[in-house]
Amino acid sequence: MVPGLLLLLPLTGCSGDDDQQTLTVLAAASLTETFTELADTFEDEHPGVEVELVFGSSTTLAEQAVDGAPGDVLATADETSMTVAEKGDALGDSPSSFVSNRLTLITPTDNPAGIDDLDDLDDPAVDYVVCADTAPCGAVAVAVLEEAGITGPPASEEVDVKAVLARVVQGEADAGLVYRTDAVAAGIDVNEVPTAGADAFATNYFVAPLVGDRAGLAAEFVTLVLSSPARQVFEQAGFGGTVPE
Numbered sequence: 280m281v282p283g284l285l286l287l288l289p290l291t292g293c294s295g296d297d298d299q300q301t302l303t304v305l306a307a308a309s310l311t312e313t314f315t316e317l318a319d320t321f322e323d324e325h326p327g328v329e330v331e332l333v334f335g336s337s338t339t340l341a342e343q344a345v346d347g348a349p350g351d352v353l354a355t356a357d358e359t360s361m362t363v364a365e366k367g368d369a370l371g372d373s374p375s376s377f378v379s380n381r382l383t384l385i386t387p388t389d390n391p392a393g394i395d396d397l398d399d400l401d402d403p404a405v406d407y408v409v410c411a412d413t414a415p416c417g418a419v420a421v422a423v424l425e426e427a428g429i430t431g432p433p434a435s436e437e438v439d440v441k442a443v444l445a446r447v448v449q450g451e452a453d454a455g456l457v458y459r460t461d462a463v464a465a466g467i468d469v470n471e472v473p474t475a476g477a478d479a480f481a482t483n484y485f486v487a488p489l490v491g492d493r494a495g496l497a498a499e500f501v502t503l504v505l506s507s508p509a510r511q512v513f514e515q516a517g518f519g520g521t522v523p524e
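All you need for the numbering used here is the position in the sequence shown, starting with 1, plus 279.
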């Protein structure tokens, strides 16, 4: 499995066919740990196949898929981003929802600002960070903060949830809103703060094969993502079951 980061992928088609035995998966940054594990499983079950993972903002990945960037599978952290790919005729089959996630508030381990709940984010002395509102995690953050009545602006808006997590872990921010799964993955590197009302804004994740020469392999990877063994991987990482839209 070859991990990747989001990034402006070259807008060229993939040459060759399944004989290349390389499957490119474009996935939301919050799926980094789980999809890395699933990619290893897929490679074990498909000798000679290498899975290349490209992680980043769901919105950007979907737009790049529409623009023809190389990719065989797309997994997004919301339905809106997947709809962009669907309307852009980038999908090889209908998308499926497979897990849900919710936001949670985190601080550095020692919680230097003494943050106890969302209300503390309105303190002008508190520097908190969120995802840009163009990313799914940012759109949900806006909803959570509005519901909580928070009017103080964030110190910065990051490109994706992993960037928010990094700012907090490195002590560059007093707090940040990340997905629950990112807090679980960070472990003792962060302190999780009770986040009232966040459950009401849980969002479903979607996966679908993209149009391309490796339709067979792409469909098999999607099948793995939707399988019972994969569900155990997701549950251990902190994901929940899909929620009514």
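Positions of the beta carbon are idealized from the N, C-alpha and C atoms, including for glycine.
Practice problem: Could you tell me the boundaries of the beta strand (DSSP E) in which Val352 lies? | Solution: Locating residue 352 in the sequence shown gives position 73, where the first residue counts as 1. Boundaries of the beta strand (DSSP E) harbouring Val352: 352 to 355, taken from the DSSP string.
Quiz item: Do Met361 and Pro349 come within 7 Å of each other at the CB atom, strictly closer than that value?
Solution: As a first step, residue 349 must be located in the sequence shown, where it is residue number 70. As a first step, residue 361 must be located in the sequence shown, where it is residue number 82. Between Pro349 and Met361, the C-beta spacing is not below 7 Å.
Self-check item: Whether Phe321 touches Val333 by CB criterion (7 Å)
Solution: Sequence index remark: in the sequence shown, residue 321 carries index 42 (1-based). Sequence index remark: in the sequence shown, residue 333 carries index 54 (1-based). Cβ atoms of Phe321 and Val333: not closer than 7 Å.
Self-check item: Gln343, buried or exposed, once every other Cβ within 10 Å from all chains shown has been counted against 16
Solution: As a working note, residue 343 is residue 64 in the sequence shown. Gln343 comes out buried.
Quiz item: Can we say the region 453 to 470 touches the region 308 to 315, given the rule of at least three CB pairs closer than 8 Å?
Solution: Touching, yes.
Quiz prompt | Leu400 beta carbon less than 7 Å from that of Gly428 | solution = Here residue 428 refers to the residue found at position 149 when the sequence shown is read from its first residue. Here residue 400 refers to the residue found at position 121 when the sequence shown is read from its first residue. Not closer than 7 Å, so no.
Quiz item: Near Asp297, which residues of its chain fall below 8 Å by C-beta distance, leaving aside the five closest residues on each side in sequence?
Solution: On the sequence shown, position 18 is the one that residue 297 refers to. Only weak support is given to the placement of Asp297: the predicted model assigns it a pLDDT of 45, under 50, and the value that follows is read from those uncertain coordinates. Answer for Asp297: Asp492, Arg493, Gly495, Leu496, listed in chain order.
Quiz item: Where do the ends of the beta strand (DSSP E) carrying Ala307 lie?
Solution: If you number the sequence shown from 1, residue 307 lands on position 28. Residues 301 to 307.
Quiz item: Going along the chain, which residues of its own chain have a beta-carbon closer than 6 Å to the beta-carbon of Leu340, five neighbours each way excluded?
Solution: Numbered from its first residue, the sequence shown carries residue 340 at position 61. Correct list, in chain order: Leu305.
Practice problem: Would you mind reading off the limits of the alpha helix (DSSP H) that contains Ser337? | Solution: For this step, residue 337 is matched to residue 58 along the sequence shown. Element bounds for Ser337: 337 to 345.
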